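There are 4 protein chains.
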Amino acid sequence: MAGNTFGKVFRVTTWGESHGSALGVVIDGCPPGLELDVIDIQKELDRRKPGKGGGESPRKEPDQVEILSGVFEGLTTGTPISLTVYNKDAQSKAYDHLQNIFRPGHGDLTYLKKYGIRDHRGGGRASARETVARVAAGAVARKILAEYDISVIAYTVALGDVATSKRNMKDINLNRLHCPDIAAAARMEELIDSVRKKGDSLGGIVEVKAKGCPVGLGEPVFDKLDAALAHALMSIGAVKGVEIGAGFRAAGLLGSENNDAITPKGYRTNNAGGVLAGISNGDAIIARVAVKPIPSISLEQDTLNLDNEPVTIKIGGRHDISAIPRIVPVCEAMVCLTLADYLLRQKAVEN
Amino acid sequence: MAGNTFGKVFRVTTWGESHGSALGVVIDGCPPGLELDVIDIQKELDRRKPGKGGGESPRKEPDQVEILSGVFEGLTTGTPISLTVYNKDAQSKAYDHLQNIFRPGHGDLTYLKKYGIRDHRGGGRASARETVARVAAGAVARKILAEYDISVIAYTVALGDVATSKRNMKDINLNRLHCPDIAAAARMEELIDSVRKKGDSLGGIVEVKAKGCPVGLGEPVFDKLDAALAHALMSIGAVKGVEIGAGFRAAGLLGSENNDAITPKGYRTNNAGGVLAGISNGDAIIARVAVKPIPSISLEQDTLNLDNEPVTIKIGGRHDISAIPRIVPVCEAMVCLTLADYLLRQKAVEN
Amino acid sequence: MAGNTFGKVFRVTTWGESHGSALGVVIDGCPPGLELDVIDIQKELDRRKPGKGGGESPRKEPDQVEILSGVFEGLTTGTPISLTVYNKDAQSKAYDHLQNIFRPGHGDLTYLKKYGIRDHRGGGRASARETVARVAAGAVARKILAEYDISVIAYTVALGDVATSKRNMKDINLNRLHCPDIAAAARMEELIDSVRKKGDSLGGIVEVKAKGCPVGLGEPVFDKLDAALAHALMSIGAVKGVEIGAGFRAAGLLGSENNDAITPKGYRTNNAGGVLAGISNGDAIIARVAVKPIPSISLEQDTLNLDNEPVTIKIGGRHDISAIPRIVPVCEAMVCLTLADYLLRQKAVEN
Amino acid sequence: MAGNTFGKVFRVTTWGESHGSALGVVIDGCPPGLELDVIDIQKELDRRKPGKGGGESPRKEPDQVEILSGVFEGLTTGTPISLTVYNKDAQSKAYDHLQNIFRPGHGDLTYLKKYGIRDHRGGGRASARETVARVAAGAVARKILAEYDISVIAYTVALGDVATSKRNMKDINLNRLHCPDIAAAARMEELIDSVRKKGDSLGGIVEVKAKGCPVGLGEPVFDKLDAALAHALMSIGAVKGVEIGAGFRAAGLLGSENNDAITPKGYRTNNAGGVLAGISNGDAIIARVAVKPIPSISLEQDTLNLDNEPVTIKIGGRHDISAIPRIVPVCEAMVCLTLADYLLRQKAVEN
C-alpha cells in the first residue's frame, strides 16, 4: 500500500524504474516564495552521477532534470513541484539473461513474490537508480534548510575494514570517497583495487552531520526526530543499520559516561547526537549508517532460476564496487528531506 | 504536529503522562472477528511491570487494563478498540524538587523549549511509562500475528560490556534478564550489583526475532519493512541504534561473504535479517537495538536550572539501573505493531 | 481501514459504542499553552444532551467528561488530550428484540455485511451517540478558534416542510430548535406534535456560519476548504447533502448573478459562501446540510430478519422525532474541527 | 500543507499549472497485474478535451498522455504510475492584461493572499485545466472498477433553469451535453445560445451513478463512503454542493417516506443513494453536484486591481459558457478514484 511518499508536510512522492522512460518526484508542501533554479537541483544530481565514484565502467547518464511545475519566475508558488529526469542510457538488453534468475542479495525474488510480476530490467524500481529522485527532492529541501542556516554533510567513515581515525572536514572534498581522513582514503583506494581484481565488492559506513538545527524538532512519541531519521536512512536500499550519536557504543557506556552534562555554554559532550527524548537539542545532529557491500559481484554464486532449479550466476556488466561514495549525497538528501519536513511540522506547534 | 499515531492500516494512537490520571491507546483498523480478552493484554503488561526487572525499589503499579470499546461478546467488531490503564502509584511530590532543574540525558530541556510548557511530574509524556500503551497495543497486534503463525520474541544480547555468546532460546525465560545465555546472565547480574553500588546505570543491546513472516511484507521505496522497523524501534525512548541482520557488521564484509546464497531449501545464510530490497523474504526477521544507559543516576552531574544557572544534581528516587530487561517486551510490541500493520497493508496489493 | 481519525494537524480519533462502557476521543496536535478547563467541554456536551431537543422520553445521560491527559495546571501541553465520557444509562436489554432484525434506514445490515459481526445494542458504533466524542473534541477546537476571534454557530433553517424566512441570529437561543425565526419555530413545534402522534419522524436543514476566518485557509486541489467541510459535515450520520454559499441555487444562476463583485470594502455579495477556489476569502463561511428524518419510527415497516425472511417492524423505545436540534452542536463541532485543522495547516505555508 | 494527494490506499498526487510545461499525476498503490494501455487513459482525456463541450473557441490541446513508469509489458507492476500531459497551446500572453487584476469568482485574490505569489497565467494551478490529471488517474481507477463489474456514469440533469424530466440512459451519448433527456438537451442548447449572446455564463447539476458496487465500502465514522464522495466531488473547482440519494429533498420527507424498506429482492426504494450509515448497501450509488456558472464572463464586473483600486473588467478570450458538459468526465473520475480507494481499503477489513 502506497509506500512511495516520504514526509507529512514537506511531502515527496517518487516514481520511476531503472530502465523505464524516466524517473521523477513530486514535491507537495514546499513553502511559496523560495528561490529555486534548476541549477540548484542539477548540481546535487551531478554529485551522485555514475562515474563520480568507485565504479569502473558505469552507465553514462546525463541525469538532466527538468522542473515541470510549481515554480514561477524563479520562485516556488506553494503548488506541487514536479521534477523529471529522463533515462538516456538504459541498456535493457544487458539484463535479458537475468530475467529468469534471481540475483542473491537483490530484491529480484522478493519483488516477484510480493507483486507477482517484476520489471527485471536493471532491477526496475529496486535499482539504486531510484535515488535520483531522492537527491533531486533533497536539493529542494536543502534550499529550505539554507533559510534556517542549517547545513547537512555526509562523509565516509569506513570502507570495508578500513576506518577513518580523523574528522578533517576540509578533506572531504579533496578525495572522491568523501573521506575526512586523507590517509585512510588512500588505503581505501588500495582496498578497492584489490577487491575489484577479485571480482568482489565492499560495504562501509557513512556519517551524516546536520549543523545549525534549532531546538525543538521532533514529534514524540512515535515521530521522534531520531525515529524519523532512522526511517529515512534505512529506506535507502543498501543500508542495514542506523545509529544516532554514540549509537551502539552507548550500549556499553555507564550513565555517567553517556549523559551529556548541561552547561551555560551548551552540552559538554554530544553522545546524544543532537536528539534528546526525540527532540533536537540544538547540537549537531549525528547519524551513521551501515552500508552493505554491493550484491552484484562477478564471483560465482549459488541461486535459483524461475523454475526453482539451482543454478550459479556471475554478474558482469556495469556495476560499482561499493555503494560508497555514490550513496553519500543520497544520505544527505534523506536527512535534508527529514529536517525540512520537521521544520514545517514544528510550525504547527509554535505560536 | 501529531506524532502519537503509529501505523497506517493497523493504527494505534497513544496518550497519557507518567503522573496524569491514566494512560491508554486507541487502536483503529483492527480486523473484526478476532478473539480478544482483557487477559491477552494484561499478561503482556505484567511482563513490563515495575519490579519485574533489574530495578530495586520501583514504583508499584498494578497496571490494570480495561477494554472500553471495540469488543463485543469476546470478538473485535472492526471499530476502534480503546484501552485504558489508570495510574495508581504516581508520587508526583517526589518530583517537586526537579521542576526547576533539567536532568541531563532526559527530555526536560527539549520538551520545555519545544512546547514552552512541560509536565515535569515523572517526565510527563517523555517518561518510559508511556510504553504501557505500546505494550497494550502490541498485545492486540500479537493476536493478529498468531493467526498467521508469526511469533515475535526479544531478548538481551548485551548488558553494559557483558555480551552473550550463545542463543539458547529456551534459556530466555529462565532468567529475569531474558538472556539466551545463562552464564552471561549471571555475569550481568554481578555487573548490575556493582553498578548499583556506584549509583550509576547501564545500557545494553536487545535483539528481536520474528519467525513465520510470509514473503512480501514491505512497501518500497520509503516504507520498506526494515525502514518501518527502524522507525518503530528508534521511537522507543532509550534506543540510539537499530540494525537489521548483519547490520553494522555487514559494512566490513565482502559481497561474497554478505550475500545470502539462494538454494532450493531457502537462503543459506541470513545476513539480510529476513528483509531484501525492503521486503520480507520468508526468513526470520532479525533486528537489534542499542539501549542507552538510564540517564537518572545518583552520581553528581552538572546541569542548569530554570534560571540558566549552573547547578549539580543527584537523582535519587525509584529508578531502574537499566532499561533492560523492561524494554524487552516494548521492543517486541513495536515489532508486533509493525508486522500487523504490514500484513494488513499487503492485502491491498494481493488479489 | 481506520476511518476514525479526522484532521491532519489537529487530529481527533474517536472511539466508543452506544451501549459500551464509554465513549471518547484522543486529540493529537493541539497547540501547547492553550487554557483548557473541563467546563469548556462540558458546556458543549450539555447542549447535545438527550432531553434538550425534540424527543419525548430520551435516554438520560449525564455525559460527564473527564480530561485524562494533555493538560497540566490548566494549560494544554502539546501532548495528546484524552477525553472520556462513561455510559451510565445504557439500557441494552431494550435492544434485545432488535438483534435479529434489520431496521430500515439504519446501518444494521451494512455493518453486519461489512464487518461480519455487529454490536446491535443501540446501534453500536453507528449510533448518533458517537457524536458525543465529536462535540467534546469540537469544544477544544473552538478554544483555538477563539484565539483567532473566529465564531461558529449553527441553526435550524428548515424542519420538514417548514422553512425559516428570517435570519434573526438573536432568536436562535430563544427557542429549543435553535431557529433564527421565532414564528417558524412555533410552526415547527406544531409539526413535531402532529408527526409524533402519527409515530413518524422529521428531517430538516441546518445552516452553519463561521465568522472571522482569515483569508487563506484551504489546501488545493484536493483539500480545498469547502471539500474538507463537505467531508466533515457529510460524515455526520443523518446528513445527506452539503452545500456552500449559494449551493444548489447557484446552479440556476447566471455568472453575472452568481459572481461576487470585489469592492474596496470587500465582496459585495457572498454567493461563494466565503470560499473561492477552495480557499477562505475572509467573508463568513456558510454551509448548509440536509438532515434526513430519523429512521426509527413506530409505524410498521417492511424489512428482513437474520434468516433473510420478510418481517415487519415497529420501533418503539426512546427515540427523538428528529435529529434536529440535537445535531446543531454536532454540525458546529465538525466545522470547528475543520477550521482548527486548517488554521494549523496554513502555518506550514506561511513564513 | 500538502493538499494535492487524494486517496489513502489508491493514492493519486497531481501537479501542474494551466500554462506551465506540463500537468500530470503519480498513482501510488495501484494493484499489480492490471492491464493498462495508454489508450485506456487517452480515451477518457479525449472526453474532457476543449472543444468537446459547449464552448465556442476553446484552447486547442491534443492532451496526449504518456505513461512514464509503473507499467511493464502492458501490465501494472505495483510501483508508482506516472502520467504526464505536456501543454502545447498555452497562450500565456493572452493573460498578461490580467496579472494586475483580480477576476471575480476566481481564485486570483485568495491564491495571492494565501501564498503571497501566484502564477496568473490562465489561473495557474486554480485553472480547470488541473482536472486533466484527475481524469487521467480516474481512467486507471476505472480499470480496477471494471474488474469488479462496477460502472460509473455521469450526466447532466440541469443546465441553468432547464431541468431534465427523464433518465433515458441511452440518450446520454446522443447529445454533447450528456443529458438523459433529448428534449431537455435541445432546450439547453437554446439557452446556451441565448446566454452566449449576452456574454454571460451558466451553471447546472450533474448526477453520477455507480452501479455494481459491493456491499461494505466505507469506513465509519469519519471516512464514510458518502463523506468521501462529498470530499471528492466538492474538490472540483466549480462545485458548490453535493447530495447523496434523496439529498436535500430528504429533509422534507417523513421517516416513513424516506426509509427504504428492505425486501428479499433488495431495497424497495433508493432514497439512501446506495449508502447506509456510511457504508455502501449494494444499490446504485447516486450523487448529484451543483455546478456554479463559469465566472469568466464578457459582461462588465466590478473588482480591484493589485493596488486595491476599484476597476471594471470584461473577460474575453477562450472560455466555455458552462463547466457543463466538460465537468461530466471529471465527476466520473472523482467517483472512480473514491471507489477504487475504498475497494482497496476494504481488503484490510476482510479475511
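Residue numbers (this note's numbering), protein chains in the order written: chain L, 91 to 441; chain C, 91 to 441; chain Z, 91 to 441; chain W, 91 to 441. Glycine is no exception: its CB is placed at the ideal position from the N, C-alpha and C atoms. No experiment lies behind these values; they were computed from the predicted model shown.
Using 8 angstroms as the limit for Cβ to Cβ distance, is residue i near chain L?
i                 : result
Gly-228 (chain W) : no
Asp-209 (chain C) : no
Met-424 (chain W) : no
Gly-168 (chain Z) : yes
Leu-319 (chain W) : no
Leu-165 (chain W) : yes
Tyr-201 (chain C) : yes
Taking 8 angstroms as the CB-CB cut-off, is residue i touching chain C?
i                 : result
Gln-189 (chain L) : no
Gly-212 (chain Z) : no
Pro-122 (chain W) : yes
Lys-204 (chain L) : yes
Ser-291 (chain L) : yes
Arg-215 (chain L) : yes
Thr-246 (chain L) : no
Under 8 angstroms, Cβ to Cβ, is there at least one residue of chain Z near residue i?
i                 : result
Glu-280 (chain C) : no
Asn-177 (chain L) : no
Val-285 (chain W) : yes
Anything in chain Z within Cβ reach of residue i, meaning under 7 angstroms, just list it in chain order.
i                 : result
Leu-434 (chain L) : Ala-438
Val-222 (chain W) : By Cβ distance, chain Z contributes nothing, its closest Cβ being about 12 angstroms from Val-222 (chain W), past 7 angstroms.
Let me see if you follow: with CB-CB separation under 8 angstroms, is residue i close to chain W or not?
i                 : result
Glu-309 (chain Z) : yes
Asp-118 (chain L) : yes
Glu-146 (chain C) : Its pLDDT being 47, under 50, Glu-146 (chain C) is placed unreliably in this model, and the coordinates cannot settle the point.
Asn-441 (chain C) : yes
Given that residue i touches chain L, what residues does it touch there, using C-beta distances under 8 angstroms?
i                 : result
Pro-385 (chain C) : Gly-345, Asn-348, Asn-349
So which residues of chain W does residue i contact, with C-beta pairs closer than 8 angstroms?
i                 : result
Ile-295 (chain Z) : Phe-338, Ala-341
Going along chain C, which residues have a C-beta under 8 angstroms from residue i?
i                 : result
Lys-314 (chain L) : Gly-93, Met-324, Ser-325
Please list, in chain order, the chain L residues whose beta carbon lies closer than 7 angstroms to that of residue i.
i                 : result
Ala-430 (chain C) : Under the 7 angstroms cutoff, chain L gives no residues; its nearest Cβ is about 14 angstroms from Ala-430 (chain C).
What does residue i touch in chain Z if you count any residue whose Cβ is under 8 angstroms from its own?
i                 : result
Pro-194 (chain W) : Asn-349, Asp-350, Ala-351, Ile-352
Ala-158 (chain C) : Correcting the residue type first, residue 158 (chain C) is Leu in the shown sequence and not Ala. Chain Z residues near Leu-158 (chain C): Trp-105, Gly-106, Gly-110, Ser-111, Ala-112, Gly-114, Thr-174.
Residue i CB to nearest chain D CB: under 8 angstroms?
i                 : result
Asp-251 (chain L) : Protein chains in the displayed structure are L, C, Z and W, and chain D is not among them.
In chain W, what lies closer than 9 angstroms to residue i by C-beta?
i                 : result
Val-305 (chain Z) : Leu-199, Thr-200, Lys-203, Lys-204
Val-381 (chain Z) : Ala-340, Ala-341
Task: Cβ-based contacts, 7 angstroms cut-off: residues of the segment 328-354 of chain Z near chain W - done: Residues Lys-330, Gly-331, Val-332, Glu-333, Ile-334, Gly-335, Ala-336, Gly-337, Phe-338, Ala-340, Ala-341, Gly-342, Leu-343, Leu-344, Gly-345, Ser-346, Asn-348, Asn-349, Asp-350, Ala-351, Ile-352, Thr-353, Pro-354.
TODO: Go through the segment 140-215 of chain W residue by residue and report every complete run of the alpha helix (DSSP H) that reaches 4 residues or more, in order.
DONE: Complete alpha helix (DSSP H) runs here, min 4: 198-205.
Task: Contacting positions in the segment 253-267 of chain C - beta carbon closer than 9 angstroms to chain Z - done: Interface annotation for the segment 253-267 of chain C against chain Z: empty, criterion Cβ-Cβ distance under 9 angstroms.
TODO: Report the residue ranges of all alpha helix (DSSP H) runs contained in full by the segment 291-331 of chain C; include only those spanning at least 4 residues, in chain order.
DONE: Qualifying alpha helix (DSSP H) stretches, in chain order: 315-324.
Open item on the list: Residues of the segment 354-372 of chain L in Cβ contact with chain Z at a cutoff of 9 angstroms, in chain order, please.
Closed with: Here the close residues number zero.
Task: Residues of the segment 389-410 of chain C with Cβ closer than 7 angstroms to any Cβ of chain L, in chain order - done: Within the segment 389-410 of chain C, those residues whose Cβ lies closer than 7 angstroms to any Cβ of chain L are, in chain order, Leu-389, Gln-391, Asp-392, Thr-393, Leu-394, Asn-398, Pro-400.
Open item on the list: I'd like to know if the segment 165-178 of chain Z and the segment 113-127 of chain Z are in contact, where contact means that at least 3 CB-CB pairs between them fall below 8 angstroms.
Closed with: The segment 165-178 of chain Z makes contact with the segment 113-127 of chain Z, as at least three CB pairs between them are under 8 angstroms.
Task: Against chain Z: residues of the segment 91-116 of chain C by CB proximity under 9 angstroms - done: Answer in chain order: Met-91, Ala-92, Gly-93, Asn-94, Thr-95, Gly-97, Lys-98, Val-99, Phe-100, Arg-101, Thr-103, Thr-104, Trp-105, Gly-106, Glu-107, Gly-110, Ser-111, Ala-112, Leu-113, Gly-114, Val-115, Val-116.
- [ ] Would you list, in sequence order, the uninterrupted alpha helix (DSSP H) runs of no fewer than 4 residues that lie entirely inside the segment 319-389 of chain C?
- [x] List check, alpha helix (DSSP H) in window: 345-348.
Open item on the list: For the pair the segment 348-359 of chain L and the segment 293-308 of chain L, tell me if three or more CB-CB distances fall below 8 angstroms.
Closed with: Under the three-pair Cβ rule at 8 angstroms, the segment 348-359 of chain L does not count as touching the segment 293-308 of chain L.
TODO: Entirely within the segment 239-297 of chain Z and at least 3 residues each: give me those beta strand (DSSP E) ranges in chain order.
DONE: Runs found: 241-249.
TODO: Scan the segment 399-432 of chain L and note each continuous beta strand (DSSP E) run of 3 residues or more that stays entirely inside, going in chain order.
DONE: The qualifying runs are 400-403.
Task: Meets three-Cβ-pair contact criterion under 8 angstroms: the segment 396-403 of chain L and the segment 426-437 of chain L - done: The segment 396-403 of chain L is not in contact with the segment 426-437 of chain L.
Open item on the list: Tell me whether the segment 381-399 of chain C and the segment 190-198 of chain C touch, counting them as touching only if at least three CB pairs, one residue from each stretch, are closer than 8 angstroms.
Closed with: With contact defined as three or more Cβ pairs closer than 8 angstroms, the segment 381-399 of chain C and the segment 190-198 of chain C are in contact.
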